[in-house]
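Under my numbering, residue 500 is the last one in the sequence shown; the count climbs by one each step, no gaps.
Before any comments, here is the structure.
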Amino acid sequence: MKVLLTGANGYIGRRLKKKLLQDASIELKIFVRNKKSLTQEVLDSCEVIEGDTLNKESLRAALKSVDVAYYLIHSLQNANYKELDKLSAQNFIQIATECGVKRVIYLGGLGVKNSQTSEHLLSRIETGEVLSSSASVQTICIRAGVIIGSGSASFEIIRNLVEKLPLMLTPKWVNTYAQPIAVADVLHYLLGALTLEYDKNLIVDIGSKKMPYKEMMMQTAEALGLKRYLIPIPLLSITLSSHWLNLFTPVPFQIARVLVEGLKSEVVIQNENAAIYFPHITPMDYISAVQQAILEIEKKQVISRWSDADGQSWDKRHLNEISDAIFVDRKERDISDYDKHELFEVVCAIGGANGWFAYDFLWEIRGRFDKAIGGAGINRGRRDERALRVGESLDFWRVADVVEDERLLLYAQMKLPGDGWLEFKIEENRLIQSAYFFPKGLLGRIYWYALIPLHYLVFTNMIESILDKCKKRSDSTKADAKRV
Ligand SMILES: NC(=O)c1ccc[n+]([C@@H]2O[C@H](COP(=O)([O-])OP(=O)(O)OC[C@H]3O[C@@H](n4cnc5c(N)ncnc54)[C@H](OP(=O)(O)O)[C@@H]3O)[C@@H](O)[C@H]2O)c1
């Protein structure tokens, strides 16, 4: 069976890709906007089409000779996600029909259309309707509400609130009912849909036991071994709640707002098709899903995170723009006495809980300020303590390029009056650390000049601290080797 996976770099797509690659009966093709974000192992094991669903030619290349296509495209990170998602689904089903695709499997959102339905959910429902509109392509819409897994937005919101706040004043929406589901179960349904013997369009609503959000919070606290107290208040302020989530969780205001709007109405299953068509799948209960997510985090086995997808094909554009940078803060050090591989490992451990090598409190202040003005903020952290992959978020940066032992390039995603990059290069016996900035207008220039003293402090100490860390590391490795 020839299968196309779209959205393969997204939260669900990355996990599904891993499963599909393990199935020898499947000839897998994947569709991504940024090929560089894939590992060599993935590039070697399947056909990769780089493209965009807004570009019909790339869709033709992707959907050619495909039997079943997974549609996991979502543009939530863009302010105009509704228009983009509609156009994307229209293009996709048109080309899928042209190419004779037999089945499209879409993962959408749970819920019903009524006056309470949030714009986000309406858009997810509309996407399902567009994808189901072909006379010759069968569409299976699997609809999930809150997905619980390591790195999922919903789980990260609940976990952060529960971990950080022993006592919570909870707005009315915590009484809204939902049917959460573990990400592992979502993958079971998606994989099951591949071989389901049924030839008409189908909507399959999935979820475990129905429960209010406050119950999810309390069970999460239990799984984390924490005692928490919720004090209900009779308010349902979307804006206030969104600011609250922006402040206490890694999710930025724009996404928090979209998600909180969805909390007004119940997200519970509307049909029994999961039990009818997938009787062999019994979704795990909420607390088990949370425990599994926590275990993955503890074992550092987080496959994907909500912040992996970026909302734009930024990679090539930003890589090209680096040469346009008007301001450069460049520091160079001789590294003849250093192990280059070890040095690169130290550089790649930048950010997240490892810190920013020097003046972490200044980065923290910058992060808080960034969140306050609607940016990503510094607390998206790292997926993995050591490894970095192109395309993933790293605090308020995005990894733009990684060339083993040679180069790490980060693109700044904090709110800036311009475009910024931070680059580390190992060239022969030199470590070169450069901060590039392309200012937008006068404000951009004022910003750069105003920060020169801070940049001097931060960047000078950064390169020194990298060398220092590397030295300490190799000294301790040598000491360990001697002891052995
Ligand atoms: N995650 C959840 O908690 C959850 C819950 C319920 C339902 N769902 C549903 O599951 C589906 C997948 O969600 P997700 O969380 O995995 O989304 P996601 O992490 O935001 O990933 C979306 C993917 O779509 C790709 N994409 C967006 N616009 C594109 C375009 N024009 N051309 C090509 N690719 C494009 C992105 O590519 P880039 O990587 O290049 O940005 C990304 O890989 C969605 O329909 C969502 O409604 C998710």
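The beta carbon of each residue, even a glycine, is placed where N, CA and C say it ideally should be.
Measuring from the CB of residue i, is there a heavy atom of ligand 1 at a distance below 7 Å?
i: residue 49; result: yes
i: residue 25; result: yes
i: residue 140; result: yes
i: residue 425; result: no
i: residue 21; result: no
i: residue 168; result: yes
i: residue 173; result: no
i: residue 322; result: yes
i: residue 251; result: no
i: residue 296; result: no
i: residue 313; result: no
i: residue 104; result: yes
i: residue 46; result: no
i: residue 163; result: yes
i: residue 281; result: no
i: residue 90; result: yes
i: residue 68; result: yes
i: residue 278; result: no
i: residue 326; result: yes
i: residue 28; result: yes
i: residue 160; result: yes
i: residue 123; result: yes
Can you give the Cα-Cα distance for residue i and residue j, rounded to whole angstroms?
i: residue 264; j: residue 453; result: 30 Å
i: residue 246; j: residue 184; result: 5 Å
i: residue 501; j: residue 433; result: A query on residue 501 cannot be resolved here, the shown segment of the chain reaching from 17 to 500 and no further.
i: residue 36; j: residue 42; result: 7 Å
i: residue 44; j: residue 167; result: 25 Å
i: residue 358; j: residue 198; result: 38 Å
i: residue 195; j: residue 103; result: 29 Å
i: residue 430; j: residue 410; result: 11 Å
i: residue 141; j: residue 322; result: 20 Å
i: residue 76; j: residue 20; result: 12 Å
i: residue 389; j: residue 262; result: 10 Å
i: residue 395; j: residue 415; result: 15 Å
i: residue 435; j: residue 458; result: 14 Å
i: residue 259; j: residue 325; result: 22 Å
i: residue 59; j: residue 369; result: 31 Å
i: residue 397; j: residue 95; result: 23 Å
i: residue 192; j: residue 351; result: 58 Å
i: residue 406; j: residue 250; result: 45 Å
Tell me the residue span of the beta strand (DSSP E) that contains residue i.
i: residue 89; result: Looking at the DSSP string, residue 89 is not in any beta strand (DSSP E), and its letter there is neither H nor E.
i: residue 413; result: 413-419
i: residue 37; result: Here residue 37 belongs to no beta strand (DSSP E); instead the alpha helix (DSSP H) covers 27-37.
i: residue 260; result: Looking at the DSSP string, residue 260 is not in any beta strand (DSSP E); the run it does join, the alpha helix (DSSP H), is 254-264.
i: residue 24; result: From DSSP, residue 24 is part of no beta strand (DSSP E); its letter is neither H nor E.
i: residue 156; result: 154-160
i: residue 76; result: Premise fails: residue 76 lies in the alpha helix (DSSP H), 72-79, not in any beta strand (DSSP E).
Candidates the options: which alpha carbon is nearest residue i's?
i: residue 234; options: 221, 91, 117, 177; result: 177
i: residue 152; options: 382, 109, 296; result: 109
i: residue 420; options: 349, 253, 362, 486; result: 362
i: residue 65; options: 59, 78, 54; result: 78
i: residue 201; options: 481, 32, 436; result: 32
i: residue 115; options: 128, 84, 135; result: 84
i: residue 473; options: 442, 288, 377; result: 377
i: residue 382; options: 413, 344, 90; result: 413
i: residue 314; options: 132, 165, 92; result: 165
i: residue 119; options: 295, 212, 400; result: 212
i: residue 26; options: 47, 38, 40; result: 47
i: residue 210; options: 122, 105, 190; result: 122
Along the chain, where does the alpha helix (DSSP H) containing residue i start, and where does it finish?
i: residue 63; result: Not the alpha helix (DSSP H): residue 63 falls in the beta strand (DSSP E), residues 63-66.
i: residue 322; result: Looking at the DSSP string, residue 322 is not in any alpha helix (DSSP H), and its letter there is neither H nor E.
i: residue 354; result: Element bounds for residue 354: n/a, residue is neither H nor E.
i: residue 234; result: 229-239
i: residue 478; result: 468-499
i: residue 175; result: 169-180
i: residue 387; result: 376-388
i: residue 105; result: 97-114
i: residue 443; result: No alpha helix (DSSP H) holds residue 443; the beta strand (DSSP E) holding it covers 434-443.
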